[in-house]
Structure formats: structure tokens, C-alpha cells
Amino acid sequence: MPSLLKKKPDAAAAAAAALPPWHPNFRNFERLPDTKVVRTAFFVNAVAIVIALSTLLWFAYQEYQIRDLRHQIDQWETQINRDKRGSDLAIALYKKFQAEAARVSDVEAFIKAKPVVSDLLMHLGQTLPPNIALDSFDLRENSIRLTGTIRGAPDLASGYATAYVDLLRADPFFAARAEDISMQNLTRSPQTGRLSLELLFKLKSTEKEAKKP
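Per our numbering, the very first residue in the sequence shown carries number 966; after that it's consecutive.
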């Protein structure tokens, strides 16, 4: 009996499946759109939109970076312009300091290059012959110019002048300080009738002075 009850539903289901549907199917499958094409177009459009949005975001980010870089450049230029005045002033002061330092060095070298005037005059007095009198002493940057008068007979005066020049050249004091000692002029004075002597001492430079033992 139980087995008969179980078989009846199966028979009813089979009978229901064999019956036609309860309403007619009027769909024309040939005229219906292809859903595969619709899905493909949807995905293509979605991918294109994603690519377009990504490109737009990339360009927007690049533009943001460019604007940020320009802003930083403007800040740097502002800072440079603000500091430029102080920098120019410092450079000008440094150049002025260099010029003043060069002048001080030149003056120091000039002072070192020149022999002491008192020592020169004292040694000139010690080596001066009795028949020659000094009239002027001119100490310049790298030379000394002396003028004097020679006493004695005119025919002997020129010999006195030459002997005095040779004496100065052979003197160790002047040899250490002068490169050359020469007679520049020897003329007769119309007022006194005596010979006027003019000598030129060419002093040694600082470098040569420093090389002396």
C-alpha cells in the first residue's frame, strides 16, 4: 500500500509535463536582439569610460604637479630676489675689502722695498768725498735721484764725478740695495762755474730684496 501511494505523484508529474503550456508562446526568437552583442558593447563602453577617466585623472594629477612646481619656483624666485640685495651688498663689500687689502699690501711692499732714509743719508755722508757737496735727495718708488756740486779745477771735476760713481757701485751697502748706480747728467753751472752732478740709484725690487741672505 505505501508503495502505491508513492507512485501516484510520479504519474501525476509525468502527466503534467506532457500537457502543453497553459498560455501560448508568441516570442519570435529570430527577431529578438542578440544579448551577447549587448553585453559586449556594454563592457567595451565601460572599459572606454574607465580609460577616459584614468587618462583625465592622470592629466589632472600632472597639472596639479606642474602648478605645485610653479608655485615652488615662484617661492624660490621670491626668496632669491629677497636675498639678492644682501648678497650684492656682501659682494660689493668683499670687493671693496679686496681693493683696500691690495692697497695695504702695495703700501707694505713699497715701505719694505724702500731703504730707511736715515740710513741712506748717513751712509751717503760717510762715503761722500770732500770735494763733492750734495744739493738734493729725491727718494721715489724704485729709485733715488741725487744732485750735487763738484768743487775743484774744471779739468779734474769730471774725473771726481766718475770716481765717486765707482765708489758708490763698489760700496756693499749700496750694492745690496741698488741694481744700478749711474751718472745721468754732468753740466757746468753758469752761476758758479762749477760742475753739477746728477746721479740715479735704481733700487732693487721686494722679491730680490727678500732673496738676500
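Every residue gets a Cβ at the ideal spot worked out from N, C-alpha and C, and that includes glycine. As the structure is a computational prediction, the values presented were derived from the model and not from experiment.
Cα atoms of E1106 and K1049: separation of roughly 42 Å, rounded to the nearest angstrom. Residue environment analysis places L1162 among the buried positions, since at least 16 neighbouring C-beta atoms fall within 10 angstroms of its C-beta.
Here the alpha carbons of D1033 and T1005 stand approximately 42 Å from one another. DSSP, reduced to helix, strand and coil, places Q1149 within a strand of the structure shown. Under the DSSP definition of a beta bridge, D1131 lacks any partner. For the beta strand (DSSP E) assignment, the segment 1034-1079 encloses no uninterrupted run of at least 3 residues.
G1158 has its alpha-carbon roughly 25 Å from the corresponding atom of L1132.
Under the three-state reduction of DSSP output, G1090 falls in the helix class.
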